[in-house]
Amino acid sequence: MDYKETLNLPVTDFPMKANLVHKEPEVLKQWETEDIYGQIRKESAGKPKYVFHDGPPYANGHIHMGHALNKILKDFVVKFQSMKGFDATFVPGWDCHGLPIEHQVGKELKKKKQDFSKSEIRKLCREYAAKFVDIQKEEFKRLGVFASWDKPYLTMDYSYEATIVREFSKFIQKGMVYKGLKPVHWCTTCRTALAEAEVEYDNHKSPSIYVKFPVKSGWNNQIQGLDDSKTYFVIWTTTPWTLPANLAICLHPDFEYTAITHKGESWVVAKELAPGLLEEWDLQDAKIQGACSGKDLEGVVCQHPFIDRESPVILGDHVTLEQGTGCVHTAPGHGQEDYIVGQKYGLDTYNPVDDAGVFKPIVEHFAGQFVTKANPDIIEKMQADGTLIAASEVDHSYPHCWRCHQPIIFRATAQWFIPMDKDGFRAKALAEINKTRWVPHWGRERIYSMVENRPDWCVSRQRAWGVPITVLTCKKCEEQVTSPDVMAHIVKLVEQNGADFWFEKEAEELLPGGYKCSCGSAEFVKEMDILDVWFDSGVSHAAVLEGNPDMQWPADLYLEGSDQHRGWFHSSLLESVGTRSAAPYKTVLTHGYVVDGKGKKMSKSAGNVIAPQKIIDQYGAEILRLWVASENYREDIRISHEILKRLTEAYRKIRNTFRFLLGNLSDFDPKTDAVPVDEMEEIDHYILYRFRLVTERVLKAFGDFEFHVFYHSFYNFCIVDLSAFYLDILKDRIYTYPKNSRERRSGQTAMYDLLRGMAQLMAPILSFTSEEIWSYMPGRGNEVSSVHLSSFPDLSKVSFPDHLASKWEKLGQLKGEVSKALELRRQEKMIGHSLDALVRLELPSDLKSILEEEQKRDQLKYIFIVSAVEIADSLEKESNVYTSEAIAGLKISVHPAPGSKCERCWNYFVEEATPEHPSVCLRCVKNLESAKA
RNA sequence: GGGCCUAUAGCUCAGUUGGUCAGAGCGCACGCCUGAUAAGCGUGAGGUCGGUAGUUCAAAUCUACCUAGGCCCA
């Protein structure tokens with residue numbers, strides 16, 4: 015007789031091989047046809063809200079690993095909250111305006127660009143953005159992310175553009191928008207401002223000059239013994255043409271400054287640089303005097319070398335000792351750092367250069383000259399005046415216009431600003447930062463110091479693709495229009511016609527009929543600049559959270575990469591504090607950047623870029639999701655083929671565990687076959703208790719956004735608790751007991767609860783596989799159609815007495831020690847399979863009482879998976895005894911199991927067999943008979 | 001150059017307020033099984049905690065510096 019036929023071996027169609035690459039699109043299709051996300055939304059109605067707000071990626075190019083990481087994490091959160099019983103919606107968004115798209119469109123048009131009007135270019139930009147929104151949308155969907163993909167928010171939607179205008183008008187009405195000057199890159203040939211991205215760096219020959227500024231006042235003998243009437247501060251510059259705009263000399267507060275005395279004059283320079291300068295200037299008889307620190311010199315006032323103007327000595331941390339003299343010529347109208355330090359000292363952002371790069375008439379000596387052409391004249395004049403110490407030339411990297419390739423200049427131009435320190439704006443923003451939960455906590459420090467130190471927010475850009483700064487100014491009295499009615503009128507026009515309207519209409523057409531300025535004039539000038547795109551995305555909280563019944567303001571969570579402390583978190587905070595006096599979020603979570611296997615950033619030039627599309631095609635999106643869950647994303651997270659290979663193996667192990675559960679549940683109907691927990695075999699009860707612990711740990715980790723805790727806990731549970739311990743022990747019972755026996759049904763009930771609960775627990779992470787498992791689950795006819803529509807298992811009823819839990823823990827530990835003893839005999843070829851063995855134990859007293867109890871029920875041998883266990887008082891007389899290191903007082907001896915091997919259950923038996931089944935043990939005979947009955 | 005952050009076995013992670021020989025799983029090696037089978041089980045070998053110098057009776061855990069790396073600025 016073939017006794018194998020009488021066993022209940024696993025049967026299932028659930029494939030061992032996942033074939034994710036082919037399977038996932040099918041699951042996606044099923045989700046779409048059944049509108050699972052829509053069903054979740056419907057089911058959520060009336061539940062407490064969890065408001066997650068999606069930050070908009072830029073609608074340009076295909077998604078990269080950073081996008082994938084970000085959206086998958088968001089999906090984890092939303093799916094978790096949803097299964098936990100919250101109304102959690104995911105409205106995805108895209109950032110559509112801005113320079114990169116305008117550039118791409120310009121590139122495609124090439125030279126024809128000149129023939130296109132602003133409106134036509136804007137139209138092309140809109141089409142371009144729409145195209146990439148669609149592309150990225152499909153790529154995001156492929157990751158298995160559940161979201162309102164058919165109702166996203168786009169910053170170029172008319173309604174969104176109207177929100178931008180409405181929000182900005184709030185700043186205008188509060189008087190929180192002012193026009194000021196700020197240096198920008200400026201091409202004098204194209205007569206246009208350039209963004210950083212439009213600047214190319216190339217080598218260029220410039221003059222290199224040292225100029226002395228005589229001390230006028232404030233000298234208090236900081237450096238001993240100098241004659242202040244003959245003391246000078248020496249600056250170095252490569253742009254002599256910026257000297258007419260010099261307003262200060264900047265020193266580093268912590269550097270030491272000394273004076274070089276030469277022919278009766280004293281020249282103040284940084285001490286560290288003095289020897290080098292002596293050499294460079296070839297001064298034979300000069301001497302270096304004493305020293306003082308930079309901060310001692312603050313307040314000294316010098317005289318401009320050729321203009322009747324004072325130039326005070328100020329302090330700034332940006333001063334370096336790499337080049338020059340440590341005394342920096344400061345022209346706030348011609349340099350970024352000069353501008354910032356100038357603001358601190360209340361200096362004018364003075365710019366005496368016009369659009370064409372020509373000195374304005376106000377400039378003494380050089381009016382009407384093109385700036386770089388004036389360089390030699392300026393040098394010559396100073397030479398003649400005796401204020402020049404040395405002049406030469408340098409070859410250095412210098413910014414050029416990307417279009418005409420001519421050298422560009424830095425030049426202050428009129429820009430619009432939101433002031434940081436008016437009406438306590440900055441202080442309020444800082445206070446709101448402190449009210450927000452930052453995860454990880456150091457996010458607070460990061461954004462706090464940024465907001466604390468940032469200059470006023472420059473919100474204007476001289477570009478085409480964006481939302482206009484809707485400022486109208488009276489032609490006659492130059493008064494800004496701030497009327498709320500006018501603002502509302504403009505918002506309405508934008509809502510109906512889009513922001514293009516502003517550019518297409520005359521100023522007067524943008525106003526309500528008959529509107530006049532308080533001065534009586536009806537003629538206005540409209541602003542042509544557009545808004546910084548950070549303002550666009552900064553109002554998303556207003557556009558998306560408010561007015562949507564699925565949402566509420568503020569959001570519970572913003573979740574983006576750590577670059578957004580400077581970006582979206584920052585602009586959203588300022589916008590929201592400016593208009594609502596509160597942060598738009600309660601919690602802000604950041605993740606690190608995706609780097610390669612060695613921790614280096616991915617770049618085209620390094621050739622180490624891994625594209626998500628490739629991973630999906632090779633491994634499947636599920637592996638990508640598992641990768642996100644496996645790594646601690648708070649730091650930079652690595653990806654490599656080795657890592658993916660490991661994850662694929664881990665995935666296979668998890669999958670096989672489910673396949674085994676499913677295989678052993680093929681004849682199980684939870685409705686009719688389930689055994690109540692208190693009637694279960696103790697080990698079945700125990701494993702459910704273990705699962706309860708894992709579930710609690712995982713759900714807490716999900717709530718704390720610690721997804722890698724899920725990965726490790728869940729995976730370890732599959733391997734250690736299930737595969738190596740419980741399921742290995744359970745096989746004997748499931749296979750050999752009659753189908754409908756309580757013993758077998760008890761084990762099946764535990765396996766069913768595990769199957770169902772584990773599928774739910776992993777659903778936010780392994781969304782595809784959990785769904786696949788769900789469709790194979792016994793009793794699925796009584797379940798919701800998708801695992802994602804279910805709620806996490808409630809295991810609160812699975813209680814287990816502490817003393818039993820500790821007993822099973824000890825049994826588990828003991829099983830490990832038995833394995834060690836068995837392994838020794840296995841190496842000696844005494845045994846092969848563990849069932850070939852009889853194990854004799856000498857036990858410490860505490861263990862002994864526990865084991866004897868277990869032995870009475872004859873369960874020990876099944877736990878150890880050996881054919882016989884004997885408890886001895888002493889193993890002293892035996893040889894080859896294994897002495898445990900882990901458990902004091904434990905000794906184990908291993909012997910060949912006596913009797914013969916049961917052909918059916920493979921356990922050795924010593925009792926007399928029955929005539930009908932001569933090669934089968936009595937337990938099996940009993941089971942065979944009751945199975946027949 | 002500045003701000004914030006990171007650095008534990010080949011890989012991914014644990015290591016509570018500094019205090020028993022630094023842990024897990026995978027991978028690897030060796031072996032078993034052939035009734036989860038392109039599966040399953042067992043045993044074993046791998047780190048002195050990026051480096052240096054300190055604080056301390058005692059440091060992976062605190063401090064400083066250095067190195068490598070990341071984000072944001074300049």
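Each residue of the first sequence is one higher than the last, beginning at 15 in the numbering used here.
Where a beta carbon is used, it is the ideal one built from N, C-alpha and C, also for glycine.
Quantities reported herein were computed from a predicted structural model and do not represent experimental measurements.
Please confirm whether C415 and V547 have their CB atoms less than 9 Å apart. For C415 and V547, no; Cβs fall outside 9 Å.
Run the CB neighbour count on T47, radius 10 Å, all protein chains shown included, and call it buried at 16 or more, exposed below. By the C-beta density criterion, T47 is exposed, having fewer than 16 other C-beta atoms within 10 angstroms.
Are the CB atoms of M30 and A777 nearer to each other than 9 Å? Not a contact, by the Cβ cut-off of 9 Å.
Measuring only the C-alpha atoms, how far is I376 from P366? When rounded, the separation of the alpha-carbon atoms in I376 and P366 is 7 Å.
Spatial neighbours of R711 within its chain, please: CB distance less than 8 Å, with the 5 preceding and 5 following residues excluded, ordered by chain position. Beyond the five residues adjoining it in sequence on each side, R711 comes within less than 8 Å, by CB distance, of V723, S727 in the same chain, given in chain order.
Kindly indicate which residue of V895, P807, S799 has the alpha-carbon position closest to the one of E57. Per the Cα distances, S799.
Which residue spans inside the stretch 383-435 form an unbroken beta strand (DSSP E) run of at least 3? List check, beta strand (DSSP E) in window: 402-415, 423-432.
Measure from the alpha carbon of G304 to the alpha carbon of each residue in L311, T601, Y271, P319, then state which is nearest. Put simply, of L311, T601, Y271, P319 the residue whose alpha carbon is nearest the alpha carbon of G304 is Y271.
Residue range of the unbroken alpha helix (DSSP H) whose run includes L123: Per DSSP, L123 belongs to the alpha helix (DSSP H) from 113-123.
Assuming D816 is part of the alpha helix (DSSP H), what are its boundary residues? Looking at the DSSP string, the run of the alpha helix (DSSP H) that includes D816 is 816-841.
Residues in the same chain with beta-carbon distance under 6 Å from A715, minus the five sequence neighbours each way, listed in chain order, please. If we look at A715 and ignore the five residues flanking it on each side, its Cβ neighbours are V723, F724.
From the DSSP output, read off the bridge partner residues of N217. Listed as beta-bridge partners of N217 by DSSP are S411.
Close Cβ partners of G382 (< 7 Å) along its chain, the five nearest in sequence each way excluded: Closer than 7 Å at the Cβ level, and outside the excluded window around G382, lie V372, F373.
Enclosing beta strand (DSSP E) for F247 [first to last residue]: Looking at the DSSP string, the run of the beta strand (DSSP E) that includes F247 is 245-251.
Select from I135, L640, G621 the residue whose C-alpha is nearest the C-alpha of I629. That would be L640, whose Cα lies nearest to the Cα of I629.
For L486 and L507, which I take to be in contact (beta-carbon distance under 8 Å), what is that distance rounded to the nearest angstrom? Contact flag wrong, Cβ pair sits at about 13 Å.
Measure the beta-carbon distance from E663 to S760 and round it to whole angstroms, keeping in mind my assumption that it falls under 8 Å. Separation of the CB atoms of E663 and S760 is rounded to 32 Å, and the pair is thereby denied contact status at 8 Å.
C-beta contact flag for V608 and H78 at 9 Å: In this structure, V608 sits near H78, with a CB-CB distance shorter than 9 Å.
What residue from R660, Y665, I223 has the CA that sits closest to K395's CA? That would be I223, whose Cα lies nearest to the Cα of K395.
Give me the Cα-Cα distance between Q510 and E492, rounded to the nearest whole angstrom. Their backbone Cα atoms lie some 29 Å apart in a straight line.
May I ask you to list the residues that DSSP assigns as paired with H1? Absent from the structure is residue 1, since the part of the chain shown begins at 15 and ends at 947.
Residue nearest to K63 in terms of C-alpha spacing, selected from Q566, P326, P71, T339: The alpha carbon of K63 has as its nearest neighbour, out of Q566, P326, P71, T339, the alpha carbon of Q566.
Which residues in the same chain as P807 place their Cβ atom closer than 8 Å to its Cβ, once the five residues preceding and following it in sequence are excluded? Excluding residues within five positions, the ones whose Cβ falls inside 8 Å are T709, D767, R770, G771, Q774, L775.
Expressed to the nearest angstrom, what Euclidean distance is found between the alpha-carbon atoms of S406 and F384? Each residue's Cα considered, the two are about 21 Å apart.
Does the distance from the C-beta atom of L904 to that of L861 stay below 9 Å? A distance below 9 Å separates the beta carbons of L904 and L861.
Hey, could you find the ends of the beta strand (DSSP E) W281 is sitting in? That run of the beta strand (DSSP E) goes 279-284.
Tell whether a beta-carbon distance below 9 Å holds between V225 and V248. Yes, these two residues count as a Cβ contact at 9 Å.
Measuring alpha carbon to alpha carbon, tell me which of T20, L825, F320 ends up nearest Y700. For Y700, the nearest C-alpha among the options comes from L825.
Hey, out of R747, E926, I779, whose CA is closest to I879's CA? If we check each option's Cα against that of I879, R747 comes out closest.
Alpha carbons only, please: which of Y174, V91, L42, S474 is nearest the one belonging to P197? Nearest Cα to P197 within the set Y174, V91, L42, S474: S474.
Indicate the three-state DSSP secondary structure (helix, strand or coil) for S551 in the structure shown. S551: helix per DSSP, three-state reduction.
Are E636 and G158 closer than 9 Å when you measure CB to CB? In contact: E636 and G158 (Cβ atoms closer than 9 Å).
Is R854 helix, strand or coil by DSSP? Collapsing the DSSP output to three states places R854 in a strand.
Looking at the structure shown, is L769 part of a helix, part of a strand, or coil, going by DSSP? Looking at L769 - three-state DSSP - the assignment turns out to be helix.
Counted within 10 angstroms of its Cβ, other Cβ atoms place A211 as buried (16 or more) or exposed: The residue in question, A211, is exposed, as its Cβ has fewer than 16 Cβ neighbours within 10 Å.
Helix or strand or just coil, what does DSSP make of V812? The DSSP-derived three-state label of V812 is coil.
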